[in-house]
Amino acid sequence: MTQPPAIEFDTVAYGIGELSAEFTFERAPGTVTAILGPSGAGKSTLLNLAAGFLEPRTGRILQGGRPVNGLPPSARGVSMVFQDNNLFAHLDIRTNIGLGLDPALRLDAGTWKKVETALERVGLAGFGRRQPASLSGGERQRVALARAFVRRRPLLLLDEPFDGLGPGLAADMLGLMLEIRAEVGATVLMVTHDPDEARAAADQILLVSKGRIAADAPAEGFFDRHDLPELEAYLGRNAGP
Amino acid sequence: MRRFHIIPVALLACLPLAAGPAASADKTLTVYTYESFVSEWGPGPKIEATFEAQCGCDLKWVGVSDGVALLNRLKLESGRSEAGVVLGLDTNLVSEAKATGLFEPHGLPTDAVSVPGGYSDEVFIPYDYGHFAVIYDTETIANPPTSLKDLVEGDPNQKIVIQDPRTSTPGLGLLLWVKSVYGDDAASAWESLSKRVLTVTPGWSEAYGLFTSGEAPMVLSYTTSPAYHMVAEDTKRYQAAEFSEGHYLQIEVAGLLANAPDKELARQFLAFMMTPGFQDEIPTNNWMMPAAAVSIDLPEAFSTLVSPEKTFLYSSDDVAANRAAWIEEWLGAMSR
Amino acid sequence: MLTRSEHRASTAGGVAALAVIGLALAVPVMVLLSQGTGTGVSASQGAYIARITWFTLLQAGLSTLLSVGFAVPLARALARRPSFRGRRWLISLFAVPLGLPPLVAALGLLEVWGRNGVANRGLALFGVETPFSIYGLSGILIAHVFFNLPLAARLILPGLERLPPEYWKTAANLGMGGLSLFRLVEWPAMRRSAGAAGGLVFMLCATSFTLVLVLGGGPAATTLEVAIYQSLRFDFDPGRAVLLSAIQIGLTLAVMLGLRLISLPTEAGDTKGGATSRPDVARGWRSLPDVALIGAAGVFVAAPLVAVVVSGLAADLARLLTDALFWRAAATSLAIGLAAACVAVSLAGLMVRARFSVGERPGSPGLGLLSGLAAAAGSLTLLVPPVVLGAGWFLMLGGGAGQLLAPLSVIVLINALMALPFVMRVIEPAHQGAMERNGRLALSLGITGINRIRQIDVPALLAPLATGFVFAVALSLGDLGAIALFGSDRIVTLPWLLYQKLGSYRTADAAGLALLLGAATMALMIVADRLGNRSGAAPLAGRQLR
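In order, the protein sequence lines correspond to chains X, W and U.
Residues 39 to 279 (this note's numbering) make up the first sequence, in order.
Residues 72 to 407 (this note's numbering) make up the second sequence, in order.
Residues -16 to 529 (this note's numbering) make up the third sequence, in order.
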């Protein structure tokens, strides 16, 4: 018996006219997919549909074989990390993570312990009482990963989370993300505009262009292909030798 | 001051223009009074026409909100007033008005004047009189108060609009009425009555307007007020409540200002005030009882009015000696 | 970038402007003090004064509680529904009470909440026996909430709308419920502006004059400001007026210090409206509470405005417009407004220039003091309310009887001082910006002194100067506080005429007049706001209500 896909888009359509999008794809549990494409192509729309922030006009979204259309974001088994503002700036670090365990923040000593463990896991032991503003950008993203870590949702959605961190730091963070993904056993959809990031982290690629999936392929050797006009355009090598 | 003229929508005749229509006559007399006296529907315009025909002069009215405000204004202007005559104080205020030194004796024979109690004074001349009364709306109130005590102790949900004794002679009249009946217990009577008071207005006009527009089912006015509704509106809906303790009397007076620009003209007006040319306009325009002979018959409605058997009237010396203290008492009780 | 002689001229101008303001404030206060000595306070008088002081605080406190108490959930509901049809329109509607003369609003409120108004007739349908009374405390509270709920909501809303969209997505992702979202995210974002709004509202309500004058229910519902007016116009008791003024000034000073409102509050600013989507917010029938709240607030604010328009149109406008007195009042109002605006803009200009000049020459304690005083001058009018100012001048002029020019000048001055803080707030940043752009260039071209002011500075500042000017005219046009003491048959302004007509219960005339006055001030406010938006300054943001 085969496991159902961790996430499946079945002719999921959103919006109409110029800005419409339609996606069909599925991903097996435990995979890491990089979503690439020019800006405005619909990468974030895809992620927001998966997260439940947007509702499709038609089509079905399934998680682990279970239709999730109409379910609120919190009921979908999804954790999400954005490029910025993942933390509530006026709440201290442990509270920000604690909210991942109970959104009403009714936590007992045992649960607070989990928060501490998560902070240790991302290398920020002892940061619990600090305010987000006193942390560097990279440290804040680690906190966001720590929250995703404690929530242990089967689907992890990342919207350019390591953008603007600088190449060295981004690579470290990517490594941390992959470790956590492995410990939680989550499936990852990661929007990025950095082909190197995709190469380093992803098993598979979704190339999105003009609201459609232009390519759905293994990451291995993907960037060496020359048969995809959208990829040529995206990487800016169509005029190359 | 029974000024029904303003209840139908009135044009603003009452706010005289400093730069009003240029007077053709070379003599001008300015008379300070309360505003409703001179509104389009009040006696002012008719009296003005009659007097101007006699004197060959220009009569100019200046209206302020109510009678006590008249006195305040004179004090404020302390002798710089441009007026020759002040019309609209009442006997309660006479001593205080004299004490300002702004008035001088009129020097006129006042035999024609006849008011209850036979008032006579060398400075002020009565021009009309009336009895204060609570007017109620028969469509809202089935059992009107039959005594001041009833009024004071009645249902706080049945509201009354009264006037401020600091600006209005009816307001001051009610203050003195309560004092006459309750004496030293007046403060606690006011405290009790204040629960029934919807609001306190600076002048009679606003209070009566609130009453007729249905904001409150009772208002402090005069026993003569129902006559207006019977004559002008042909309705008996609004009636005066007769109080067993008796009613407070008001005698309205006019006086000559010492700084009058043209004293002869001012005296001429005061003399005219005691003739039918003036007095005829009082009953059905000011809705008060005339203080001298009239050449007309009073409408039938006047015979149906409450006619108090017992009346109260403080001497103006008593009022002058106590007004400030009694108003303090009133403020204290009403703000509790 | 000013030359030495320009610095000297700026300093002199600033000193002159401060002297004018100082005199305008000091003279009446001195008069009040000298007149007030020697009058003792009897026990009953003391009790009365204590009670109205208490009532002043009570009504201001309750007004603040209600205004901000409703503004917080209202702002929250508006932030939760960023893109419904008519939202932009509704938020503009909430700016209307800010520009409306209180007297006009009072008329509309009477139409809606009076004994025979819509509200009471509605209550009667539900079998409520005892009608709601617009007079006394309840009326004052309704009026204050009408003015300040929209103000507070507009002050609070931007705090929520400024939050990054990721917050709402994270909240939705984590499944934070409405209550914990409010407690952990929304309230912290609103707390500061809600506090500032509360302080402002309390201040405005503690010094509210017109609304209490019209809707107060007698001695039991009188505030200090109204009692000051009454002790002069009703009793002619200067001693009491002085005592009450002293209490009033002490009270406003305490409130200002307590709330650190000397630099008054956050800008209301323009809300983006609809830029952020709210995935955390439920739709369908579960949006009902928000819809109900927003709808109720909209109706609450719109109903009195509609009432003013409807009853105004029903009045005999044609007759009103052919009435000589109306035109005389309009002309007087306009003349006072224009004069007050000239004074306010001149004073503001001089002080802004002086502050800029001082800013370029740091270090001198004397100049620093000048700059500080100039900045504080704006708030001083909040400290000494117009009725108190008027009371001092009123006593000095012997009630203004028989005079024309002196009382008119005083009214102009008081109105100018009232507008000053807002005019300064519009001009100062624009002046700063213009000097940064043009200063060096003008200096290098040798355009200095009066030539520079005429050819460079004034043209560059035209839009903010015009904004301040129009705003000052509008503020003056709707003011009753200054005219209340001096109004007479000689000096009649539109608000004064309206008050007279309300007092003599000429309701139809009053309704027509209210519509005309309201329309005129609103038109001016909109012009000022448009001009202000062009120059990046919104004078409506924190205007005071009187």
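We treat Cβ as the ideally placed atom computed from N, Cα and C, and that holds for glycine.
Note that the structure is predicted; figures quoted are calculated from it, not measured.
According to the DSSP assignment, Gly206/X belongs to the alpha helix (DSSP H) that extends over 205 to 222. Leaving aside the five residues that flank Glu169/U on each side, the residues in its chain whose CB is nearer than 7 Å to its CB run, in chain order, Arg59, Leu143.
Within the model, the alpha-carbon separation for Ala252/X versus Glu270/X is close to 12 Å. For the C-beta of Thr238/W, the chain U residues within less than 7 Å are, from N- to C-terminus, Phe217. Asp199/W has Glu323/W, Pro361/W as its beta-bridge partners, per DSSP. Taking 9 Å as the threshold, the shortest C-beta distance from Asp263/U to chain W does not fall below it.
Shown here for Gly164/X: same chain residues with a beta carbon closer than 8 Å to its own, the five before and five after excluded, namely Leu157 in chain order. Annotation: Thr62/X is outside any alpha helix (DSSP H); the continuous beta strand (DSSP E) that includes it extends over 59 to 65. Neighbours of Gly285/W in chain U, taken as residues whose beta carbon is under 8 Å from its own, are Arg98, Asn99 in chain order. Gly161/U is bridged by DSSP to nothing; it lacks a bridge partner.
The secondary-structure analysis by DSSP pairs Met334/U with nothing; it has no beta-bridge partner.
Leaving aside the five residues that flank Gly375/U on each side, the residues in its chain whose CB is nearer than 8 Å to its CB run, in chain order, Val10, Pro11, Val12, Met13, Val14, Leu15, Ser228. Within the stretch 143 to 173 of chain U, Leu146, Pro147, Pro148, Glu149, Tyr150, Trp151, Lys152, Thr153, Ala154, Ala155, Asn156, Leu157, Gly158, Met159, Gly160, Leu162, Ser163, Leu164, Arg166, Leu167, Val168, Pro171, Ala172 place their CB atoms closer than 9 Å to a CB of chain X, listed in sequence order.
Ala203/U reaches chain W at Ser265, Val268, Val271, Met405, Ser406, Arg407, counting residues in chain order whose Cβ is nearer than 9 Å.
If you draw a straight line from the Cα of Val165/W to the Cα of Pro215/W, it comes to about 33 Å. Counting only the Cα atoms, Leu49/U lies some 47 Å from Ile99/X.
Where Pro94/X is concerned, there is no enclosing alpha helix (DSSP H), because DSSP gives it neither an H nor an E. In the three-state reduction of the DSSP assignment, Pro256/X falls in the strand class, which pools E and B. Interface annotation, Ile233/W: in contact with chain U, CB-CB separation under 9 Å. Note that the C-beta distance between Gly501/U and Leu83/U is below 9 Å. With fewer than 16 other beta carbons inside 10 angstroms of its own, Pro256/X counts as exposed.
Counting only residues of its own chain and dropping the five nearest sequence neighbours on each side, Val264/U has a CB closer than 7 Å to the CB of Arg63. The three-state secondary structure of Trp132/W, taken from DSSP, is strand. Gly244/W has a beta carbon lying at 9 Å or more from every beta carbon in chain U. Assignment of Met118/X by DSSP, reduced to helix, strand and coil, places it in the strand class.
From the beta-carbon of Ile35/U, the residues of chain W found nearer than 8 Å are Ser406.
When Cβ-Cβ separations below 9 Å define contact, Lys230/W makes contact with chain U.
In the DSSP assignment, Tyr190/W falls outside any beta strand (DSSP E), carrying neither H nor E.
Distance from the Cα of Cys325/U is smallest, within the candidate group Ser459/U, Ser17/U, Leu6/U, for Ser459/U. Considering only beta carbons, the part of the stretch 128 to 143 of chain X lying closer than 7 Å to chain U consists of His128, Leu129, Leu137, Gly138, Pro141, Ala142, Leu143, in chain order. In terms of Cα proximity to Val209/U, the closest of Trp310/U, Gly349/U, Ile123/U is Ile123/U. Following the DSSP letters along the chain, one finds Val456/U inside the alpha helix (DSSP H) bounded by residues 445 to 460. Between the alpha carbons of Ile212/W and Glu316/W lies a gap of roughly 21 Å. With respect to the 9 Å criterion, Lys146/W and Cys126/W are not classified as neighbours on the basis of their beta carbons. As a beta-bridge residue in DSSP terms, Ile206/W pairs with Val290/W, Ala311/W.
Contact between the stretch 389 to 397 of chain U and the stretch 308 to 325 of chain U is established, with three or more Cβ pairs separated by less than 8 Å.
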